[in-house]
Amino acid sequence: MATESDSSLDTEEFRTAVLDVYNAGGLLAWLRDQGYTRANKQFDQLLQTLADLHNSQALNILQPIFAGELECLTGRDFFLIQDVYCHLIPNLKADADELMDAVQKLVYAGGQDLAANDPNSAFRDWLGNHPDQTNQLLERAEAGTNSDFPLLTFVLEAGARFSFERYHSAALRLLSSTRLEFRLAAVIALSRIPTLPDMSKHQETVGALAKQVLATEDNNERTSSVASLLHVHAQDVANETELVIEAIKFAISQPTDGLHFILAQRLAQHYKVLSLEVQQLIIDALGHSNPAMKGVVDQLDFAFSQCITDDNRQNIADCVRQLLNHPEHAVDIGELESFCHRLSAEKPQLLAWLVICWLRFGDHRSREALPVLFRRYHETGLTLDWPLREFALSDEELVFVCKKAIGYFLIDARSAASVLIACIDAAQTDETAQSIASLLFDPLMLNYSGQAREYIEPESKKKRPRQKFLKSAVKQHDDYLADLRSVGKIPELWPSAAERQIQGERQRALFSQSFAEAHSESSLLNFVSRQTLLNGEGSVSYYRDYGGNHHRSETMLSSHGTSMEVPRYEAVDPLYFQYLIFLLRNETFPE
């Protein structure tokens, strides 16, 4: 491989070597092997020499593409050579059709990688550098020839940079073309041709795209038109028209997986500027999406994590509930990772609202998802402030919410207790407060004397209007424990399963301590060095990019662990407790 140096490139030697390899075949592999890519310090000189050779017709730099030389390049090697072409293409003297064919082959060979489309941008730059040929391509498209025209979008986009009026008008006219590919090209181009600050042109574009949504019968064309409409409309939402709303409603009435993907994508991109009406239309439509399409779910997850506010929270709650209850491909709440994280880490008040909303108005699937939402929130050590006043719940509804909280927060007694205490404070009558307080004792503290009692007891010592009901529940639990201890030790039940477990943990701790002491007193370990694995909050590594620049990459780490308190089976009837949970979960509110 050629070595890099700070000296300038020997142009003549490089020209001779390139021509020899070009004539023999295998130019692209040779460029890769010799390191003649962007990381080379003489990259600009290399590009200029290759462009000069092509433009002087000493060689055709596009010929290796048609000769199949791309097939021997895979992975990173392919994209290194593709990058060389992306830098070369704007400065080449080439036939437009030949260049379009070469660009298509470069894009196709890149597969599904996002970088695969970079040659399209290079071709757009080439069009901008060759306005005469760009004009000829437009004239050919407007003439309605039957020849293929795969990159018309870039012709319209590039032409608008040097002749806005002509190419913008041409794009609008092509919307009525009889050829589907021409209409699609025009739709996409209109989303990329900047019209502001010319408000008349902007509104003309928005109106044309809205009419295209209403007029087309092709699903793909309608989806592309909606994508372009929302993108252009978001640039100036102050002049939102009924035509825009009508077009969005019409598209939503004929849903496809592609449309749902675009709606979620545009919501994530433009939620800060889209009107509440448009946001609600999109969110409601996403409730009917197909959860089997994971790309749609991922986009929806990201969109909801970004856009949820007090204004659209009800729409998002209803949408997520629909997805959780999909008859064939029900979503698991864990799949909405970004949404759950955003609620638990950054928007606790919205999380608290969602919990109360689903406890009162939700269904089995949505309530079953609630404990997952608390998974990360509890790691912060914070406490939720339940917004019960926003719902204006009656006493009967408060009792209903409490029963659902107990039924679904089965292994999270602390959260259930916090809901019950908030409902006691919000109750209108002492009778309701007393009935809820009785639930604090049985089944909460009766079955979870650890986490439930640890939360309820400190709360009972705080001054509040209904403090006496919390104290009464704690006293009931104290009396219950005193009655248990009054029996004395029953040989058949002593030591208990919990005590046996504690003894086992103690023995393991002693063995671990003994092992550590033996290490510290070992003569052998005093002569040899020991390696220590550092435990921290993240890892740091460094790498160099193609330009040789040094970058720092940091990855945050976190510990993984879990703890769970289970019901006290040795003293409580597990079958009754299971039956009680079943009753609480299945109870319905009389409307």
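Those letters in the sequence shown? Residues 774 to 1364, per the numbering used here, in order. Think of the CB as a built atom: it goes at the ideal place given N, C-alpha and C, for glycine as much as any other residue. Nothing here was measured: the structure is a model prediction, and the numbers come from that model.
Assuming residue i contacts residue j (C-beta within less than 8 Å), just tell me the rounded distance between them.
i     : j     : result
L1003 : R1039 : 4 Å
R952  : E930  : About 18 Å; that fails the 8 Å criterion.
V1070 : V1104 : 6 Å
I834  : L823  : 6 Å
Q1122 : D1084 : Not really, about 14 Å apart at Cβ, beyond 8 Å.
L832  : L792  : 6 Å
R805  : L872  : Actually they do not touch by this definition, with Cβ atoms about 22 Å apart.
A1058 : L1036 : 6 Å
Please confirm whether residue i and residue j have their CB atoms less than 8 Å apart.
i     : j     : result
A1225 : R1187 : yes
G1060 : Q1095 : yes
P1216 : F1182 : no
R811  : D874  : no
Y1044 : Q1052 : yes
V986  : V1005 : no
I1055 : I1089 : no
L742  : E1232 : No statement about residue 742 is possible, as the shown extent of the chain runs from 774 to 1364 and does not include it.
F1134 : D1074 : no
M1066 : D1091 : no
A1178 : L1132 : yes
Q1072 : A1041 : yes
A943  : E915  : yes
L925  : V876  : no
A1142 : I1106 : yes
Please list, in chain order, all residues of the same chain as residue i whose beta carbon is under 6 Å from its beta carbon, the five residues on each side excluded.
i     : result
Q748  : Residue 748 is absent from the model: the chain starts at 774 and stops at 1364.
R1358 : G1180
Y1228 : R1187 and A1190
N828  : K866
P904  : F935
Using CA atoms only, rank isn't needed, just tell me which of the options is closest to residue i.
i     : options                       : result
N908  : T926, Y940 and L1161          : Y940
D898  : F927, Y881, S1001 and P1238   : F927
D1009 : A1206, P970 and A981          : P970
L1016 : S1026, Q976 and K1120         : Q976
N1063 : G841, L1097 and Q1122         : L1097
L865  : I838, D886, A889 and F896     : F896
N992  : V1260, H1033, R1138 and T1361 : H1033
Q807  : F787, L826, A824 and Q821     : F787
S1117 : S1139, R1140 and L1146        : L1146
T847  : C859, A882, K1120 and K1236   : A882
L861  : S1001, D825, P1231 and F1242  : D825
A1165 : R946, D1185 and Q1201         : Q1201
N1368 : G798, F1077 and C859          : Absent from the model: residue 1368. The displayed extent of the chain is 774 to 1364, so no value can be given.
D921  : A958, A988 and L1047          : A958
L1049 : S1259, A1020, T1029 and I1081 : I1081
E1169 : S1001, L800, F937 and E1360   : E1360
F937  : G901, F1023, Y1315 and L1109  : G901
N1012 : K974, K1022, P1268 and G1107  : K974
L947  : D850, D1203 and R913          : R913
P863  : N893, G884, Q877 and A840     : N893
Q1027 : V1046, T989, A1007 and L1047  : T989
G798  : F839, Y809 and F816           : F839
Any idea what DSSP makes of residue i, helix, strand or coil?
i     : result
Y1352 : helix
H941  : helix
Y1342 : Here Y1342 scores only 49 on pLDDT, less than 50, and its place in the model is too uncertain to base an answer on.
V1260 : coil
H1324 : strand
V791  : helix
R952  : coil
V1046 : coil
V1104 : coil
S1222 : coil
S1314 : strand
M873  : helix
P837  : helix
E1110 : helix
I1184 : coil
Y809  : coil
So, for residue i: in the same chain, excluding its five sequence neighbours on each side, which residues have a beta-carbon less than 7 Å away from its beta-carbon?
i     : result
R1239 : I1197, D1198 and A1206
G1068 : F1034
L910  : A869 and V928
C845  : A802
Starting from the C-beta of residue i, find all residues in its chain whose C-beta is less than 8 Å away, skip the five residues before and the five after it, and write them out in chain order.
i     : result
R1138 : R1094, L1097, N1098 and A1103
S1001 : V960, I961, L963, S964 and L982
A1125 : L1157, D1158, W1159 and P1160
K1120 : I1081
F1284 : none
F851  : L843, A882 and G883
Would you please verify whether the beta carbon of residue i is less than 8 Å from any beta carbon of chain C?
i     : result
I1089 : In summary, chain C is missing from the structure at hand, where a single protein chain is found.
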